[in-house]
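Step one of this worksheet: look at the structure below.
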Amino acid sequence: MSRYDAVVIGAGHNGLINAAYLSRGGLRVAVVERNDRVGGATRSEEVFPGFHFSVFSYLVSLLRPEVIHDLELVRHGLDLVPLESTLNPLGGGDELYREADPMRTFWNVARHSRRDAEALLEYKTEMTALGRLAHRLQDLVAADVTSTALDGADEAASADVAATLADIARYYAGTPEHQLSLLYEMFTSSADHFLRRWFETDALRAALATSSIIGSWTSPRTPGSAYVLLHHYIGEVDGVYRGWGFQRGGTGEVAEILARAARAHGAEILLEASVEKVAVKRSESGSTVTGVVLSDGREIEAPVVVSSLAPQLTFSRFLSEGDAPAEVFTAASQWNSRGSSGKVNLALDELPSFACRPEPGAHLAGGFSIAPSVDYVESAYDEAKFGSYSRTPFVDGIIPSVIDPQMAPTGKHVLSCFVQYADYELKNGDWDQSREAFGDAVMKVLIEHIPNLEHCVVGKQVLTPLDIERIAGIPGGNIFHGELRLSQIFANRPAPWASDYATPIAGYYVCGSSCHPGGGISGGPGRLAALRILGEKAGSFVGAVS
Amino acid sequence: MQDGSSGSQDREIQPAALLHPIQPFMPDHSKITLDPQAPEGTRSVQRTMGLLNAFRYGESWLPLKEIAARVGLPKPTAHRILNALASTRLIEGSADGRYRLGSAATELGFRASIARLESPPRPTPFTASTVARSNSFDYRAWNGAVGATSYDATFEREYFAVRGGAGVLDVSPLFLYEFVGPEAEQAVQRILTRDVRRCAVNQVMYSAWCDDDGYLLQDGNLIRLAPDRFRLSTAEPSLRWFSDCSFGLDVVVHDIGDHVAKLAVQGPLSRSLLQRVLDPGSASADAVAELGYFRGCAAEFEGRPLYVTRTGFTGDLGYELWMELDCVESGVESGVESGCGSGEANHAPAASLWEALLNSDLGPAVMPMGLEALDAVRIEAGLILIDIDYFSSSHALLEKRHSTPDQAGLGWAAKMVAGNDFVGRAKMSQERKRGVTSQFVGLEIDWPELERAYAPHGLRPQTVGRPPSREPMPIRAAGHDASGPQIGQVTSSFFSPRLKKQLCLATVPSEHAKIGSTVQVGMRVEMQRSLLSATVVKLPFYEPPQKKAKFRLGSGGEA
Numbered sequence: 011m012s013r014y015d016a017v018v019i020g021a022g023h024n025g026l027i028n029a030a031y032l033s034r035g036g037l038r039v040a041v042v043e044r045n046d047r048v049g050g051a052t053r054s055e056e057v058f059p060g061f062h063f064s065v066f067s068y069l070v071s072l073l074r075p076e077v078i079h080d081l082e083l084v085r086h087g088l089d090l091v092p093l094e095s096t097l098n099p100l101g102g103g104d105e106l107y108r109e110a111d112p113m114r115t116f117w118n119v120a121r122h123s124r125r126d127a128e129a130l131l132e133y134k135t136e137m138t139a140l141g142r143l144a145h146r147l148q149d150l151v152a153a154d155v156t157s158t159a160l161d162g163a164d165e166a167a168s169a170d171v172a173a174t175l176a177d178i179a180r181y182y183a184g185t186p187e188h189q190l191s192l193l194y195e196m197f198t199s200s201a202d203h204f205l206r207r208w209f210e211t212d213a214l215r216a217a218l219a220t221s222s223i224i225g226s227w228t229s230p231r232t233p234g235s236a237y238v239l240l241h242h243y244i245g246e247v248d249g250v251y252r253g254w255g256f257q258r259g260g261t262g263e264v265a266e267i268l269a270r271a272a273r274a275h276g277a278e279i280l281l282e283a284s285v286e287k288v289a290v291k292r293s294e295s296g297s298t299v300t301g302v303v304l305s306d307g308r309e310i311e312a313p314v315v316v317s318s319l320a321p322q323l324t325f326s327r328f329l330s331e332g333d334a335p336a337e338v339f340t341a342a343s344q345w346n347s348r349g350s351s352g353k354v355n356l357a358l359d360e361l362p363s364f365a366c367r368p369e370p371g372a373h374l375a376g377g378f379s380i381a382p383s384v385d386y387v388e389s390a391y392d393e394a395k396f397g398s399y400s401r402t403p404f405v406d407g408i409i410p411s412v413i414d415p416q417m418a419p420t421g422k423h424v425l426s427c428f429v430q431y432a433d434y435e436l437k438n439g440d441w442d443q444s445r446e447a448f449g450d451a452v453m454k455v456l457i458e459h460i461p462n463l464e465h466c467v468v469g470k471q472v473l474t475p476l477d478i479e480r481i482a483g484i485p486g487g488n489i490f491h492g493e494l495r496l497s498q499i500f501a502n503r504p505a506p507w508a509s510d511y512a513t514p515i516a517g518y519y520v521c522g523s524s525c526h527p528g529g530g531i532s533g534g535p536g537r538l539a540a541l542r543i544l545g546e547k548a549g550s551f552v553g554a555v556s
Numbered sequence: 115m116q117d118g119s120s121g122s123q124d125r126e127i128q129p130a131a132l133l134h135p136i137q138p139f140m141p142d143h144s145k146i147t148l149d150p151q152a153p154e155g156t157r158s159v160q161r162t163m164g165l166l167n168a169f170r171y172g173e174s175w176l177p178l179k180e181i182a183a184r185v186g187l188p189k190p191t192a193h194r195i196l197n198a199l200a201s202t203r204l205i206e207g208s209a210d211g212r213y214r215l216g217s218a219a220t221e222l223g224f225r226a227s228i229a230r231l232e233s234p235p236r237p238t239p240f241t242a243s244t245v246a247r248s249n250s251f252d253y254r255a256w257n258g259a260v261g262a263t264s265y266d267a268t269f270e271r272e273y274f275a276v277r278g279g280a281g282v283l284d285v286s287p288l289f290l291y292e293f294v295g296p297e298a299e300q301a302v303q304r305i306l307t308r309d310v311r312r313c314a315v316n317q318v319m320y321s322a323w324c325d326d327d328g329y330l331l332q333d334g335n336l337i338r339l340a341p342d343r344f345r346l347s348t349a350e351p352s353l354r355w356f357s358d359c360s361f362g363l364d365v366v367v368h369d370i371g372d373h374v375a376k377l378a379v380q381g382p383l384s385r386s387l388l389q390r391v392l393d394p395g396s397a398s399a400d401a402v403a404e405l406g407y408f409r410g411c412a413a414e415f416e417g418r419p420l421y422v423t424r425t426g427f428t429g430d431l432g433y434e435l436w437m438e439l440d441c442v443e444s445g446v447e448s449g450v451e452s453g454c455g456s457g458e459a460n461h462a463p464a465a466s467l468w469e470a471l472l473n474s475d476l477g478p479a480v481m482p483m484g485l486e487a488l489d490a491v492r493i494e495a496g497l498i499l500i501d502i503d504y505f506s507s508s509h510a511l512l513e514k515r516h517s518t519p520d521q522a523g524l525g526w527a528a529k530m531v532a533g534n535d536f537v538g539r540a541k542m543s544q545e546r547k548r549g550v551t552s553q554f555v556g557l558e559i560d561w562p563e564l565e566r567a568y569a570p571h572g573l574r575p576q577t578v579g580r581p582p583s584r585e586p587m588p589i590r591a592a593g594h595d596a597s598g599p600q601i602g603q604v605t606s607s608f609f610s611p612r613l614k615k616q617l618c619l620a621t622v623p624s625e626h627a628k629i630g631s632t633v634q635v636g637m638r639v640e641m642q643r644s645l646l647s648a649t650v651v652k653l654p655f656y657e658p659p660q661k662k663a664k665f666r667l668g669s670g671g672e673a
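Protein chains in written order, with our numbering: chain E, 11 to 556; chain D, 115 to 673.
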């Protein structure tokens with residue numbers, strides 16, 4: 011039996027960041043990972059000889075600048091290239107092209123509506139401001155503000171909640187009223203409705219609304235979808251609110267970099283070490299964690315265990331009945347992490363040529379998005395929401411080999427497509443039977459807008475929500491570890507009694523994407539959980555970290 | 115466009131090409147009326163011009179049918195003439211039977227627009243090529259010519275291309291001098307601070323040179339082509355100084371700048387790129403592949419000789435190509451040494467080298483690179499820039515504007531070894547004995563402090579994503595407030611997207627120049643000066659392994 015100060019379960023980006031921070035804080039840390047490599051959903055692979063793919067997560071936007079600086083990620087190899095533009099092919103040779111230069115974008119949009127082109131400039135400023143407001147919540151440990159701790163019965167807990175509330179009050183003091191009201195609307199409104207405030211062009215609303223549905227079981231016309239829109243606007247590259255970044259070598263490289271940073275601080279990463287259960291000692295006063303037991307029988311003793319996995323695993327799988335109050339198991343089983351998306355990775359022997367922009371150009375170094383109208387996306391949702399997948403899906407793609415030639419052999423390319431919708435729970439048949447048909451549906455849509463894909467695809471990998479569950483270990487295959495909606499964010503992520511990363515079992519913590527501030531390669535949960543644990547060790551509660 | 119009443123949701127959206135927001139006020143010359151009396155030659159020219167004029171402002175690819183209709187010609191006739199024009203590159207045809215104006219039309223237009231200027235900038239051998247690639251038309255004056263600031267709306271794609279792939283940069287506005295003669299070595303030695311006796315043939319030496327008072331005049335690269343033949347590239351005109359310094363020696367100094375096309379090919383993929391473009395399979399291509407750091411060799415492009423050095427201003431793996439040009443006029447003896455008199459050099463081979471580099475199968479990983487991206491990477495590389503980080507003593511008006519090589523961080527290039535007698539040595543030597551008062555250093559601004567400076571405004575640091583700044587910033591000693599004495603200045607600064615750091619090149623007093631010492635930089639944050647801590651760090655800020663790597667043939671080596 012080995013002993014550590016802390017064991018982190020799962021070597022995804024949050025687990026690794028958590029381990030790096032804990033080690034940096036002086037703890038002896040072991041990370042246990044089921045797979046033979048680090049990464050979880052942050053994974054690169056040579057799927058076809060010479061062709062490298064970011065298998066799941068394909069862009070980095072939300073990685074907190076604090077994490078980059080604190081863990082010296084650049085020294086360990088972080089190299090993010092911004093993704094400057096998005097091309098939306100609309101069919102019939104038409105397009106909507108948003109570029110790095112706002113004034114060029116203005117003229118591109120003005121072809122559709124001069125009014126919308128002006129509105130887009132205002133919208134960006136407004137959303138950046140809102141993103142800044144929401145952003146403040148990101149750096150806050152979400153103490154359970156719904157609890158009754160404020161009555162003073164538990165002094166420490168009261169102080170936590172009071173501190174959180176005071177921070178929120180301080181942050182939002184002086185915020186212009188219209189911004190607060192917009193913020194409120196974002197939390198409750200549908201993306202399409204919210205966007206109608208600004209835009210009359212359907213294609214533009216569709217293009218912007220795609221940010222509201224990525225990774226979610228929701229559509230542009232579903233109330234609440236506007237929040238996901240905001241979640242994406244909180245993204246930063248280099249500490250600035252703007253687009254998305256692409257890691258040279260693929261996102262798997264991000265995990266490798268984090269692993270190097272964690273090891274540099276002394277953390278040990280144990281691969282092919284699958285956790286069977288979390289060892290808990292029960293007593294009169296409650297349960298206390300004592301370590302983990304691996305499926306090969308090895309036991310690791312530690313007073314602190316941090317799980318970066320989804321609640322279904324963290325609680326239902328790893329704990330036994332009686333280890334925790336019944337409500338813990340109920341909440342875990344209620345957690346909504348039903349996957350809605352798949353991926354199609356293509357190896358190409360020439361550059362894609364868009365019907366609307368056949369010539370190679372700067373647009374290939376950006377992203378593209380197939381969502382020509384709000385109806386299109388809404389229909390895609392309809393086709394999938396009763397236990398199926400979209401026959402004409404929404405596709406969000408990038409061509410990483412244009413930005414980073416190492417991803418493919420010279421002159422050849424890789425195309426990575428995020429596809430929605432695909433219900434994790436198929437009504438008829440299972441995903442292993444439906445994978446081909448799903449892939450064909452995606453290809454049909456792609457070929458319509460990128461005709462040369464008809465003959466230049468030399469390799470095709472289709473990944474369903476089931477594959478995401480199997481490989482990345484996310485139950486249900488939800489890319490955020492759980493829906494990002496009002497019912498599952500802030501103090502409710504993953505549940506009020508674990509919102510500050512501590513669970514009802516002493517010494518057992520959570521730090522995954524299913525915790526505040528949520529999914530995306532942000533590292534926020536991993537970092538905040540580590541600060542919370544270290545703060546507890548040092549005898550002080552670390553609340554807002556400025 | 116908007117009538118305000120109709121919901122635009124159902125509005126028919128027209129294809130991009132036909133709905134350009136700017137309708138030009140240029141007359142339409144496409145419709146032609148052929149005069150049956152005119153000779154066939156004239157009518158043929160009219161048809162041709164009609165076809166060229168069928169392409170309106172803002173339009174790109176047009177189908178044959180549309181072009182023929184606009185001109186009023188039968189389709190087969192239009193097709194025949196368009197294909198003839200395609201052979202001259204005035205028109206370009208696509209695989210699916212569409213046409214657009216071709217690269218020869220761009221060059222022609224560029225030449226015509228230059229010809230109409232009262233005082234046109236001097237075109238370099240690549241100017242026409244760069245204009246054809248520019249999306250921003252953003253140029254800046256450079257030695258009487260122009261250099262692209264950036265090809266796009268932002269410099270970032272070029273920056274990431276040169277850091278991750280390769281960038282191609284026209285450096286032809288640089289001056290280039292050739293020293294020829296039995297005493298060429300003595301002449302060069304007299305001028306440069308480096309000991310050029312140690313410079314082997316096909317070696318390049320980076321050096322500074324000074325005036326009589328030991329003050330820095332310029333810095334540049336010396337190439338030794340033969341025991342009695344050197345080339346020296348400089349930022350500013352230097353023929354007079356070099357000739358004066360050669361007084362009494364058996365050497366001739368030629369100004370050959372106009373007749374050599376100079377191109378920098380920089381970045382981790384630059385070697386791969388040259389291997390593809392410089393006549394693959396030739397012996398010289400292999401020599402280029404194995405070229406060492408600061409070495410040069412002869413090479414060939416399409417059978418035409420050029421010289422390649424493994425040098426650059428980016429701090430990464432990189433090469434500079436030097437292609438000698440012929441004269442346009444026939445009958446004049448061609449070649450560099452004879453010069454072209456008043457004749458112009460033939461730019462065509464240079465243009466085709468440019469096209470070959472940018473059309474390789476490395477695709478978009480290779481980009482033309484502008485001066486903004488260059489400035490960004492040279493700061494990361496810790497390379498000093500004349501007129502920005504120091505003043506040349508030839509035009510420093512005030513005593514304090516002068517710098518010695520020691521102060522400019524070039525002291526290592528001025529070794530006081532026996533026999534290395536260069537202009538300014540005596541004064542420099544005295545100065546060195548007294549001790550160097552100030553030094554050129556790299557500073558890294560404390561990031562949390564920068565964030566804190568912006569926080570009261572509710573902003574993140576606004577330096578991110580911006581091009582490099584040449585705004586001088588005052589430096590004060592640590593522990594002083596804004597009323598404390600200014601002890602030095604930042605001359606170049608840049609947020610490096612690669613290193614995620616706010617970098618500065620600065621001059622500080624020697625007692626503050628030690629690695630790890632801290633000073634304060636007065637940075638402008640939302641219109642106010644904020645004093646921010648900065649730490650002296652080792653230069654270069656960025657040095658990838660491939661920069662100085664040894665390459666053997668067949669080895670990949672690229673990062």
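Just so it is clear, CB atoms sit at the ideal spot from N, CA and C, and this is done for glycine as well.
For clarity, every value in this text was computed on a predicted model and none was experimentally measured.
| Query | Result |
| --- | --- |
| Which residues share a DSSP beta bridge with residue 244/D? | In the DSSP output, where bridge partners are listed per residue, residue 244/D has none listed. |
| Just to check my reading of the structure: residue 263/D and residue 246/D have Cβ atoms closer than 8 Å, yes? What is that Cβ distance to the nearest angstrom? | About 16 Å separates the two Cβ atoms, so there is no contact after all. |
| Interface residues of chain E around residue 266/D at Cβ under 7 Å? | 372 |
| Are there three or more Cβ pairs, one per stretch, closer than 8 Å when the region 553–563 of chain D is compared with the region 361–369 of chain D? | no |
| Determine which residues of the region 404–421 of chain E have a Cβ less than 7 Å from any Cβ of chain D, and write them out in chain order. | 412, 414, 415, 420 and 421 |
| Given the structure, does residue 400/D come close to the ligand ATP, in the sense that its CB is under 7 Å from one of the ligand's heavy atoms? | Inclusion of the ligand ATP in the displayed structure is not the case, the ligand content being empty and no account of it being possible. |
| Could you run through the region 47–81 of chain E and flag, in chain order, every residue whose CB is less than 7 Å away from some CB of chain D? | 78 and 79 |
| Should residue 532/E go down as buried or exposed, given a rule of 16 or more other Cβ atoms within 10 Å for buried? | buried |
| Looking at C-alpha atoms only, which residue of 360/D, 350/D, 430/D and 400/D is the closest neighbour of residue 256/D? | 350/D |
| Might you give, ordered along the chain, the residues of its own chain that have their beta carbon closer than 6 Å to the beta carbon of residue 147/D, omitting 5 neighbours on each side? | none |
| Tell me which same chain residues have a C-beta within less than 8 Å of the C-beta of residue 482/E, skipping the five on either side of it? | 22, 50, 51, 53 and 66 |
| Over what stretch of residues does the alpha helix (DSSP H) that includes residue 359/D continue unbroken? | 353–359 |
| Just the chain E side, please: which residues come within less than 7 Å of residue 274/D by C-beta, in chain order? | 91 |
| Take every Cβ of the region 334–350 of chain E, pair it with every Cβ of the region 487–502 of chain E, and state whether three or more of those distances are shorter than 8 Å. | yes |
| Rounded to the nearest angstrom, what separates residue 403/D and residue 469/D at their Cα positions? | 20 Å |
| Do the CB positions of residue 240/D and residue 375/D come within less than 8 Å of each other? | yes |
| Are the Cβ atoms of residue 645/D and residue 574/D separated by less than 8 Å? | no |
| Between 418/D, 427/D and 499/D, which lies nearest to residue 440/D when the distance is taken from Cα to Cα? | 418/D |
| Mapping DSSP to helix, strand and coil, what is residue 331/E? | coil |
| By DSSP, does residue 649/D sit in helix, in strand, or in coil? | strand |
| Could you check if residue 211/E is buried or exposed, using at least 16 other CB atoms within 10 Å of its CB as the buried criterion? | buried |
| Quick one: which unbroken beta strand (DSSP E) runs of 3-plus residues sit fully inside the region 570–602 of chain D? Chain order, please. | 587–591 |
| Could you please give the first and the last residue of the uninterrupted alpha helix (DSSP H) stretch that includes residue 444/E? | 441–459 |
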